[in-house]
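First the structure, in the form of structure tokens, and then the observations on it.
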């Protein structure tokens with residue numbers, strides 16, 4: 010077996026990423042020096058206000074948006090909740106129908122559950138075995154009662170990229186035929202640094218991001234809301250964020266996020282090329298040495314950093330524990346459900362058996378990974394799968 014890396018081979022970038030030195034340096038002054046409340050009027054507070062304005066400008070540039078269309082939040086979950094619930098509330102009078110997919114992040118799906126409990130109707134569309142939703146299915150689900158369509162840009166577990174731009178264009182055309190307002194939202198949390206986030210090319214009305222997925226700090230995110238989009242705030246109190254999200258802004262974290270987002274976009278082409286090469290190296294090594302390994306998600310239209318496998322006859326938990334002991338950090342799916350014993354709703358939605366869904370392993374790379382780490386991880390997986398299969402086949 011290859012020598013264990015001196016440091017952990019971190020292959021769980023879809024769960025979180027380390028804060029970049031650039032983002033950390035930008036944040037530091039706003040913890041202890043320029044610490045004023047940006048809603049106050051004196052000079053110390055205005056230093057924070059100026060930093061907030063600059064951060065908003067950076068984020069808007071990356072998204073191709075107006076600065077007034079950027080709303081700072083506590084992260085991807087709040088952004089998804091606010092988008093789906095806020096738009097649905099604002100358009101409730103037209104009938105209260107929401108269209109989404111079966112493989113969305115729980116931040117969207119549970120928001121839809123909440124809306125259902127309040128009398129809204131939700132259509133959860135199926136996906137193909139590769140995790141793709143049909144554009145035709147989305148359009149067919151739209152009625153004169155539809156208020157919100159929410160389809161994620163790329164799946165956090167299997168990496169499949171959805172045709173969001175085509176969906177948005179077709180839904181908008183259908184809304185025009187119906188003489189109706191329909192808000193199109195995308196959860197783009199996994200896309201920063203790997204996919205085009207320009208909201209005009211995507212054609213969406215709302216877009217969610219979370220800083221810690223692209224080397225920013227945890228606990229901060231943003232929600233893009235296109236101008237004149239119907240929206241009812243779900244967090245109320247003060248008048249911050251143009252009355253769309255109450256609460257004193259987390260200035261250090263927002264500054265760090267804006268710097269990290271700008272860097273992610275600036276380095277996107279180089280990151281995609283480097284990370285995709287490592288991903289393909291990893292996929293090739295695992296499939297060559299474990300012939301019945303199943304690659305989950307679309308074989309081509311997937312995030313450049315994502316490899317999700319299922320290994321028949323192997324439970325995911327002991328595999329993850331064995332990899333951890335070997336110095337490889339990975340996961341079996343969404344970090345938000347890692348403690349659950351239930352099989353992934355994403356994998357079940359692909360038509361996978363529950364036992365095979367429990368045998369899944371998600372490996373997500375980042376620009377800091379090396380070929381040596383990938384080779385070591387692949388060899389560790391091969392060794393552990395063989396060992397676990399031998400143990401399960403042994404007489405008892």
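Numbering (this note's numbering), first residue to last: 10 to 405. Beta carbons are placed, not taken as given, at the ideal position from N, Cα and C, and that holds for glycine.
>> I believe residue 321 touches residue 289 by the beta-carbon criterion, under 8 Å. Please report the beta-carbon distance rounded to the nearest angstrom.
In response: The count along the chain shown starts at 1 and reaches residue 321 at position 312. The count along the chain shown starts at 1 and reaches residue 289 at position 280. The Cβ separation is near 23 Å, so there is no contact.
> If you pair each beta-carbon of the region 251 to 267 with each one of the region 106 to 125, do three or more pairs fall below 8 Å?
Replying inline: With a cut-off of 8 Å, the region 106 to 125 and the region 251 to 267 do not count as touching, because too few Cβ pairs lie within range.
> residue 62 to residue 133, Cα distance in whole Å?
Replying inline: The count along the chain shown starts at 1 and reaches residue 62 at position 53. The count along the chain shown starts at 1 and reaches residue 133 at position 124. Those two C-alpha atoms are separated by around 38 Å.
> What is the rounded straight-line gap between the Cα of residue 407 and the Cα of residue 380?
Replying inline: Since the first residue shown for the chain is 10 and the last is 405, residue 407 is missing from the structure and cannot be characterised.
>> Suppose you measure from the CA of residue 368 to the CA of residue 325; what does that come to, to the nearest Å?
In response: For the purposes of this step, residue 368 is taken as the residue at position 359 of the chain shown. For the purposes of this step, residue 325 is taken as the residue at position 316 of the chain shown. Answer to the nearest angstrom: the Cα atoms are 4 Å apart.
> In angstroms, rounded to a whole number, what distance separates the CA positions of residue 119 and residue 215?
Replying inline: Position 110 of the chain shown holds residue 119. Position 206 of the chain shown holds residue 215. Taking the straight line from one Cα to the other gives about 18 Å.
> Can you give, in chain order, each stretch of the beta strand (DSSP E) that sits fully within the region 66 to 93 and has at least 3 residues?
Replying inline: Within the region 66 to 93, the complete beta strand (DSSP E) runs of at least 3 residues are 79 to 82.
> Per DSSP, residue 319 forms a beta bridge with which residues?
Replying inline: Position 310 of the chain shown, counted from the start, is the residue given in the question as residue 319. In DSSP, residue 319 forms a bridge with 303, 369.
> Just the Cα atoms here: how many angstroms apart are residue 231 and residue 266?
Replying inline: As a position in the chain shown, residue 231 is number 222, starting the count at 1. As a position in the chain shown, residue 266 is number 257, starting the count at 1. Residue 231 and residue 266: Cα-Cα distance of roughly 9 Å.
> What are the uninterrupted segments assigned as alpha helix (DSSP H) that are 4 or more residues long and contained completely in the region 187 to 239, given in chain order?
Replying inline: 208 to 211
> Excluding sequence positions up to five away, which residues of its chain have a Cβ less than 7 Å from the Cβ of residue 233?
Replying inline: Along the chain shown, one-based indexing puts residue 233 at 224. Taken in chain order, the residues that qualify are 72, 74, 78, 79, 208, 215, 216.
>> Is the separation between the beta-carbon of residue 374 and that of residue 268 shorter than 8 Å?
In response: One-based indexing of the chain shown puts residue 374 at position 365. One-based indexing of the chain shown puts residue 268 at position 259. Cβ distance not < 8 Å, so residue 374 and residue 268 don't count as in contact.
> What separation, rounded to the nearest whole angstrom, lies between the Cα atoms of residue 405 and residue 92?
Replying inline: Working through the chain shown from its first residue, we reach residue 405 at position 396. Working through the chain shown from its first residue, we reach residue 92 at position 83. Since pLDDT at residue 405 reaches only 45, below the 50 mark, its modelled position is unreliable, and the value read off the structure follows with that caveat. Rounded to whole angstroms, residue 405 to residue 92 spans 53 Å at the Cα level.
> Who does residue 132 pair with in a DSSP beta bridge?
Replying inline: Along the chain shown, read from residue 1 onward, the residue named residue 132 stands at position 123. In the DSSP output, where bridge partners are listed per residue, residue 132 has 108.
> Using a Cβ-Cβ cut-off of 6 Å (strictly less than) and excluding sequence neighbours within five positions of residue 346, which residues of its own chain qualify?
Replying inline: As a first step, residue 346 is located in the chain shown; it is residue number 337 there, counting from the start. For residue 346, the predicted structure reports a pLDDT of 49, less than 50, and the residue's modelled location is therefore unreliable. The matter cannot be settled from this model.
> What separation, rounded to the nearest whole angstrom, lies between the Cα atoms of residue 26 and residue 186?
Replying inline: If you number the chain shown from 1, residue 26 lands on position 17. If you number the chain shown from 1, residue 186 lands on position 177. Approximately 43 Å between the Cα atoms of the pair.
> First and last residue of the alpha helix (DSSP H) that includes residue 267?
Replying inline: Locating residue 267 in the chain shown gives position 258, counting from the first residue. 260 to 275 is the span of the alpha helix (DSSP H), which, as asked, contains residue 267.
> Closest to residue 248 by CA distance: which of 48, 28, 17 is it?
Replying inline: The residue labelled residue 248 in the question sits at position 239 within the chain shown. Residue 48 is the option with its Cα nearest to residue 248.
>> Can you give me the C-alpha to C-alpha distance between residue 312 and residue 355, rounded to a whole angstrom?
In response: Your numbering for residue 312 matches position 303 in the chain shown. Your numbering for residue 355 matches position 346 in the chain shown. About 16 Å.
>> Going by C-alpha to C-alpha distance, which of 357, 393, 205 sits closest to residue 137?
In response: In the chain shown, counting from the first residue as 1, residue 137 sits at position 128. Nearest of 357, 393, 205 to residue 137, Cα basis: 357.
> From what residue to what residue does the beta strand (DSSP E) around residue 156 run?
Replying inline: The sequence position of residue 156 within the chain shown is 147, counting from 1. Looking at the DSSP string, the run of the beta strand (DSSP E) that includes residue 156 is 155 to 159.
> What is the C-beta distance between residue 176 and residue 144, in whole angstroms, given that I count them as a contact (C-beta under 8 Å)?
Replying inline: Locating residue 176 in the chain shown gives position 167, where the first residue counts as 1. Locating residue 144 in the chain shown gives position 135, where the first residue counts as 1. Between residue 144 and residue 176 the Cβ distance is about 6 Å, and since that is below 8 Å, they are a contact.
> What does a CB cutoff of less than 6 Å around residue 131 pick up in its chain, not counting 5 residues either side in sequence?
Replying inline: For the purposes of this step, residue 131 is taken as residue 122 along the chain shown, with counting starting at 1. For residue 131, where only same-chain residues beyond five positions count, the Cβ hits under 6 Å are 107, 121, 125.
>> I'd like to check one pair, residue 180 with residue 158: are the Cβ atoms closer than 8 Å?
In response: Taking the chain shown and counting its residues from 1, the one referred to as residue 158 is at position 149. Taking the chain shown and counting its residues from 1, the one referred to as residue 180 is at position 171. The Cβ atoms of residue 158 and residue 180 lie closer than 8 Å to each other.
> Applying the criterion that 16 or more other CB atoms from any shown protein chain within 10 Å of the CB defines a buried residue, is residue 319 buried or exposed?
Replying inline: Here residue 319 refers to the residue found at position 310 when the chain shown is read from its first residue. With 16 or more Cβ atoms within 10 Å of its Cβ, residue 319 is classed as buried.
>> Taking the alpha helix (DSSP H) that residue 329 belongs to, which residues open and close that run?
In response: Within the chain shown, the letter at position 320 stands for residue 329. 325 to 335 is the extent of the alpha helix (DSSP H) around residue 329.
> Taking all protein chains shown into account, do 16 or more other C-beta atoms lie within 10 angstroms of the C-beta of residue 34, making it buried, or fewer, making it exposed?
Replying inline: Position 25 of the chain shown, counted from the first residue, corresponds to residue 34. When all chains shown are included, residue 34 counts as exposed.
> Going by beta carbon distance, what residues of the same chain come within less than 7 Å of residue 271, once the five residues before and after it are set aside?
Replying inline: Looking up residue 271 in the chain shown gives position 262. Here residue 271 has 67, 71 as same chain residues with Cβ atoms under 7 Å from its own Cβ, once five neighbours each way along the sequence are excluded.
> Where does residue 399 sit, in a helix, a strand or coil, going by DSSP?
Replying inline: Working through the chain shown from its first residue, we reach residue 399 at position 390. Residue 399: helix per DSSP, three-state reduction.
>> Alpha carbons only, please: which of 262, 304, 30, 149 is nearest the one belonging to residue 57?
In response: For this step, residue 57 is matched to residue 48 along the chain shown. Cα-wise, what sits closest to residue 57 is 262.
> Shortest alpha-carbon distance to residue 99 belongs to which of 370, 225, 201, 242?
Replying inline: Position 90 of the chain shown holds residue 99. Closest option to residue 99, Cα to Cα, is 242.
> Relative to the alpha-carbon of residue 371, which residue among 24, 103, 41 has its alpha-carbon at the smallest distance?
Replying inline: Start at 1 with the first residue of the chain shown, and residue 371 comes out as number 362. Ranking the options by Cα distance to residue 371, first place goes to 24.
>> For residue 104, which residues in the same chain have their Cβ closer than 6 Å to its Cβ, ignoring the five residues on either side in sequence?
In response: Taking the chain shown and counting its residues from 1, the one referred to as residue 104 is at position 95. So the qualifying residues of the chain are 154.
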